[in-house]
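**Q** Before we start, here is the structure in question, set down as structure tokens.
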Amino acid sequence: MTSQAPEVHPESRSDSLPVLDRIDPYMDWAKAQGVPIVDGYYVEDMATLELAPWARKGGRGAILNLDRTNEKDAHIVELAPGGTSEPEHHLYEEIVWQPGTLAVVPYDECLHQHFNSGPTPARYIAILSGSGGGRKFGIGPRRIVSDVSMEDGGNQLEYEAEDPEVHRLFEAELAANGATCRMKALVPWCTGEAGPTSSGEWGDG
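Numbers given in my numbering equal positions in the sequence shown, counted from 1, plus 67.
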């Protein structure tokens with residue numbers, strides 16, 4: 068029995084397919100993110116997978132489309148020490164995550180945000196449940212709005228709109244772990260270092 072190692076493909080559909088099979092808003096969105104799209108059968112090591120800067124996620128990332136159906140996709144993101152993602156809708160007040168943590172993030176009217184309060188980079192993988200029709204044709208409740216500002220009808224709360232107390236608590240956790248916040252270029256009340264910018268510069272030298 069053999070397995071195919073993951074490969075990065077700029078195109079996962081043939082132009083010879085019927086037009087309805089070539090219209091794929093989800094893959095158009097994925098390609099527009101500017102990060103690797105990984106397919107194949109598996110990823111051998113998430114910790115060493117090649118990533119690229121992903122501005123809307125606040126770190127580096129890749130999209131996983133392992134069976135090319137767009138229905139069971141996932142993405143992996145690495146947050147630099149002192150980095151955070153922008154808030155998105157979801158549920159729990161706090162989950163302390165570490166290697167091996169599994170958390171189910173629900174839909175709808177709650178916000179979630181990822182924080183790396185440690186001194187080393189932290190990677191997480193988000194597995195999407197998918198829905199072929201809604202995602203394929205960009206219709207219904209599963210249309211992609213996670214990168215659209217709440218002011219424009221989406222699910223993303225911009226950094227400058229988040230509660231300053233959330234960031235204060237994050238900086239306190241960083242200090243307790245001997246780390247420094249790197250969100251000053253994006254969060255108005257950050258007291259740390261510049262770090263990533265809205266133009267996709269990551270401040271890593």
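Just so you know, even glycine gets a beta-carbon here, dropped at the ideal spot from N, CA and C.
Sort Cys257, Ala252, Asp112 and Gln223 by Cα distance to Ala239 and report the nearest one.
**A** Closest by alpha carbon: Cys257.
**Q** If you draw a straight line from the alpha carbon of Pro120 to that of Arg127, how long is it in whole angstroms?
**A** For Pro120 and Arg127, the distance between alpha carbons rounds to 4 Å.
**Q** Measuring straight from C-alpha to C-alpha, what distance separates Val144 and Ala99?
**A** If you take the alpha carbons of Val144 and Ala99, they lie about 16 Å apart.
**Q** Please state the DSSP three-state secondary structure of Trp164.
**A** If DSSP states are grouped into helix, strand and coil, Trp164 belongs with coil.
**Q** Can you find the residues in the same chain that come closer than 7 Å, C-beta to C-beta, to Gly125, ignoring five residues on each side of it along the sequence?
**A** Excluding sequence neighbours, Gly125 sits near Leu146, Gly150, Thr151, Ser152, Glu153 and Pro263.
**Q** Please classify Asp91 as buried or exposed, where buried requires at least 16 neighbouring CB atoms within 10 angstroms.
**A** By the 10 Å Cβ count, Asp91 comes out buried.
**Q** Pull the bridge partners of Ala129 from the DSSP assignment, please.
**A** Partner(s): Ile143.
**Q** Label Leu169 either buried or exposed according to how many other C-beta atoms from any shown protein chain fall within 10 Å of its C-beta, with 16 as the threshold for buried.
**A** By the 10 Å Cβ count, Leu169 comes out exposed.
**Q** Arg255: which of Ala246, Thr247, Leu241 and Glu229 sits nearest, CA to CA?
**A** First, the residue type needs correcting, since residue 255 is Pro and not Arg in the sequence shown. Residue Glu229 is the option with its Cα nearest to Pro255.
**Q** Taking Ser216 as the reference, give the member of Arg249, Trp96 and Arg123 with the closest Cα.
**A** Nearest of Arg249, Trp96 and Arg123 to Ser216, Cα basis: Arg123.
**Q** What residue range is occupied by the uninterrupted beta strand (DSSP E) comprising Asp277?
**A** As displayed, the chain neither begins before 68 nor continues past 272, which places residue 277 out of reach and without an answer.
**Q** Which two residues bound the contiguous alpha helix (DSSP H) that contains Pro120?
**A** First-last for Pro120: Ala119 to Trp121, but that is the beta strand (DSSP E), not the alpha helix (DSSP H).
**Q** Where does the unbroken alpha helix (DSSP H) through Ala242 begin, and where does it stop?
**A** Here the alpha helix (DSSP H) through Ala242 covers Pro231 to Ala243.
**Q** Arg249: buried (16+ other C-beta within 10 angstroms of its C-beta) or exposed?
**A** By the 10 Å Cβ count, Arg249 comes out buried.
**Q** Using a threshold of 8 Å, state whether the C-beta atoms of Leu224 and Leu178 are closer than that.
**A** Their beta carbons are under 8 Å apart, which means Leu224 touches Leu178 by this criterion.
**Q** Let's test the definition: count the other Cβ atoms within 10 Å of the Cβ of Ser265 and tell me whether it reaches 16, buried, or not, exposed.
**A** The residue is exposed, with fewer than 16 neighbouring Cβ atoms inside 10 Å.
**Q** If you drop the 5 nearest sequence neighbours on each side, which residues of the same chain put their C-beta closer than 6 Å to that of Phe237?
**A** The answer, listed in chain order, is Phe182.
**Q** Relative to the alpha-carbon of Ala234, which residue among Gln165, Gly259 and Trp96 has its alpha-carbon at the smallest distance?
**A** The residue asked about is misnamed: residue 234 is His in this sequence, not Ala. It is Gly259.
**Q** Looking only at its chain, what residues have a beta carbon closer than 7 Å to the beta carbon of Pro186, apart from the 5 residues adjacent to it on each side?
**A** Only Pro148, Asn244, Gly245 and Ala246 meet the Cβ criterion.
**Q** Strictly by DSSP, which residues pair up with Ala189?
**A** Ala189 pairs with Leu146.
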